[in-house]
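Structure first, commentary second.
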Amino acid sequence: MIREKLVQKYRNLVSYSYPYINSLLNDCYIKIIDGCLNPISPPYYYLGIYYVGRQGKEIILYQEELKKIAKTFGMIDVVFLDAKRLIRDPVSTLKKENPRLWLELYWISTKVTTNLD
Numbered sequence: 009m010i011r012e013k014l015v016q017k018y019r020n021l022v023s024y025s026y027p028y029i030n031s032l033l034n035d036c037y038i039k040i041i042d043g044c045l046n047p048i049s050p051p052y053y054y055l056g057i058y059y060v061g062r063q064g065k066e067i068i069l070y071q072e073e074l075k076k077i078a079k080t081f082g083m084i085d086v087v088f089l090d091a092k093r094l095i096r097d098p099v100s101t102l103k104k105e106n107p108r109l110w111l112e113l114y115w116i117s118t119k120v121t122t123n124l125d
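Be aware that the sequence shown starts at 9, since it is given in our numbering, and climbs by one per residue.
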């Protein structure tokens, strides 16, 4: 619940600061990911932006702006991941380990229409 609110506040700040980037993020799934080096060290958090296909190239152009906003929320970094590659990877265990995330990624990958240039 707290993570969803934090992601929503992140989106609001991006919307206020960079409206164009916010329009790109509308078709993405954003999640706070935590990690820990060992049981003694404190956990660290970073932001995962799951994009679909060609849209990723445009979002990555604005990675510095997105990272700057994420650092104001205490995130150490922002990672960009292609959702279609994750759900189609035959070796991935994401569907079994985290079915909700897999379904969300599947949903955003089918929601976006492909524009052939």
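Even glycine gets a Cβ: it sits at the ideal position worked out from N, Cα and C.
With 16 other Cβ atoms within 10 Å as the buried cut-off, status of residue i
i      : result
Leu124 : Note on Leu124: pLDDT 45, under 50, position unreliable in the model; the coordinate value appears next. When all chains shown are included, Leu124 counts as exposed.
Met9   : exposed
Ile84  : exposed
Tyr28  : exposed
Val60  : buried
Leu111 : exposed
Leu45  : exposed
Lys119 : exposed
Lys13  : exposed
Cβ-Cβ separation, residue j to residue i (assumed contact under 8 Å), whole Å
i      : j     : result
Ile116 : Asp35 : 6 Å
Ala78  : Tyr18 : 7 Å
Boundaries (first-last residue) of the beta strand (DSSP E) holding residue i
i     : result
Gly43 : Tyr37 to Gly43
Ile57 : Tyr52 to Tyr59
For residue i, the first and last residue of its enclosing alpha helix (DSSP H)
i     : result
Val15 : Ile10 to Ser25
Beta-bridge partners of residue i, as assigned by DSSP
i     : result
Leu89 : Tyr58
Should the segment 72-79 be called in touch with the segment 91-106, which here means at least 3 C-beta pairs below 8 Å?
Taking 8 Å as the limit for Cβ pairs, the verdict is that the segment 91-106 does not touch the segment 72-79.
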